[in-house]
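Only one structure is covered here, and it is reproduced in the block below.
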Amino acid sequence: MRQEPASPAVRKRVQDSFGRQGLMSHLGARLAHIGPGRVHIVLPARPEVTQQHGYVHAGATSAIADSAGGYAALTLFDEESEVLTVEYKINLLAPAAGDHLEAIGSVLKAGRTLTVCQLEVHGVRSDGTRKLVANGQQTLIRVSRPVA
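When you line the sequence shown up against my numbering, it's residues 991 to 1138, in that order.
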């Protein structure tokens, strides 16, 4: 599937914002794709993000899903706007196993105030095998960028 990239200005704005997220840095997550209304975040599987059975923890899985959706929405907003999550629902479909997880946030409907995104998280093995381990839906609110 061909994925259209966002403009250089939008990519920079998303990358700069992502770089300010302490949690994503702490988890070791990185941006893998930034496109109009679609963002992918990759989280390497490592002991620091696992639960007691060795699977990636639901909290880490949910965090990358939430951020992927938020940044997907941000790609469609003007540079004076920011985004905050109002609510999200995530279904954990299978143990989060693989060499890394890939969260995909996709905008379903962008509104003036509220935006709804679809969230998916796949466990990806080194041979490229992918398994859907979580999916969900998210509502975000557009807010004005705080004055610096």
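Virtual Cβ for every residue (Gly too), placed ideally from N, Cα, C.
This one's a predicted model, so the numbers in the text were calculated from it and none came from an experiment.
Presumed contact (8 Å Cβ cut-off) between Q1005 and R1028, rounded CB distance:
Residue 1005 sits at position 15 when you count from the first residue of the sequence shown. Residue 1028 sits at position 38 when you count from the first residue of the sequence shown. 15 Å between Cβ atoms; not a contact.
For H1016, three-class secondary structure by DSSP:
As a working mapping, residue 1016 is identified with position 26 in the sequence shown. Residue state, collapsed to three classes: helix.
Are the beta-carbon atoms of G1095 and H1030 separated by less than 9 Å?
The count along the sequence shown starts at 1 and reaches residue 1095 at position 105. The count along the sequence shown starts at 1 and reaches residue 1030 at position 40. Contact flag set, yes.
L1064 bridges to which residues according to DSSP?
Here the question's residue 1064 lines up with position 74 in the sequence shown. Note: L1064 sits in no beta bridge, so no partner.
Would you identify the three-state DSSP class for E1070, choosing helix, strand or coil?
Counted from its first residue, the sequence shown places residue 1070 at position 80. Here E1070 sits in coil by DSSP.
Those residues which DSSP pairs with P1034 across a bridge:
The residue labelled residue 1034 in the question sits at position 44 within the sequence shown. BP columns for P1034 point to H1090.
Neighbourhood of G1059 by C-beta distance below 6 Å, restricted to the same chain and skipping five residues each side
Counted from its first residue, the sequence shown places residue 1059 at position 69. Closer than 6 Å at the Cβ level, and outside the excluded window around G1059, lie G1095, C1107, L1109, Q1128.
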